[in-house]
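Asker: Per my numbering, the very first residue in the sequence shown carries number 5; after that it's consecutive. C-beta: ideal position from N, C-alpha, C; glycine also. Here the structure is a predicted model, which is why all the values come from computation and not from measurement.
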Amino acid sequence: MDIARSWLVALLVYLVGATVTATLGIGARVTEEDLTGGGAIAWNGVPTALTFLLMTLLARAVHPEPARRRPVRHAVASLGAPVVLMLLGVVLGAVQQDWSETAVSTVGALVGTGVGWALGMLLRRPSRSH
């Protein structure tokens with residue numbers, strides 16, 4: 005149940021992040037030309053990275069303490085949903101044969117997940133008293 009809770013939180017963060025990103029893109033009237041070169045990074049890569057960072061951090065945060073002491077279980081709870089959603093994005097990108105957008109999204113997801121995991125480890129590190 006603890007893994008399911010982490011994955012559900014990550015999925016909710018993903019849905020909110022995707023909705024916000026789409027809403028901002030529609031509001032800014034982003035066109036296909038805007039998504040070439042640096043525009044793809046600004047409108048796709050950065051929001052994806054931020055969404056996956058938050059997914060990973062919050063999935064780690066809701067994973068309860070006793071289960072957190074088991075490293076493999078904690079990794080599955082924290083990284084499972086981001087990895088599955090990242091792979092789903094790669095598969096859908098391959099089906100659509102949109103390689104550049106898929107690459108930008110995948111790199112954003114990898115960076116966000118990695119930074120989220122590392123930041124979560126830093127935030128959970130017990131402080132040392134002198």
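Tell me whether the segment 107-119 and the segment 73-92 touch, counting them as touching only if at least three CB pairs, one residue from each stretch, are closer than 8 Å.
Answerer: Touching, yes, given that three or more Cβ pairs across the two stretches are closer than 8 Å.
Asker: Taking 7 Å as the cut-off, is the CB of Ser-82 close to at least one heavy atom of the ligand NAP?
Answerer: This structure lacks the ligand NAP, and indeed carries no ligand of any kind.
Asker: Rounded to a whole number of angstroms, what is the C-alpha to C-alpha distance between Val-108 and Leu-12?
Answerer: Using only the alpha carbons, I get a separation of about 25 Å.
Asker: List the endpoints of the continuous alpha helix (DSSP H) containing His-78.
Answerer: Counting along the chain, the alpha helix (DSSP H) containing His-78 begins and ends at 75-100.
Asker: Secondary structure at Thr-52, three-state DSSP: helix, strand or coil?
Answerer: In this structure, Thr-52 counts as helix in the three-state DSSP scheme.
Asker: How many Å lie between Leu-19 and Val-80 at the Cα?
Answerer: So the alpha carbons of these two residues sit roughly 20 Å apart.
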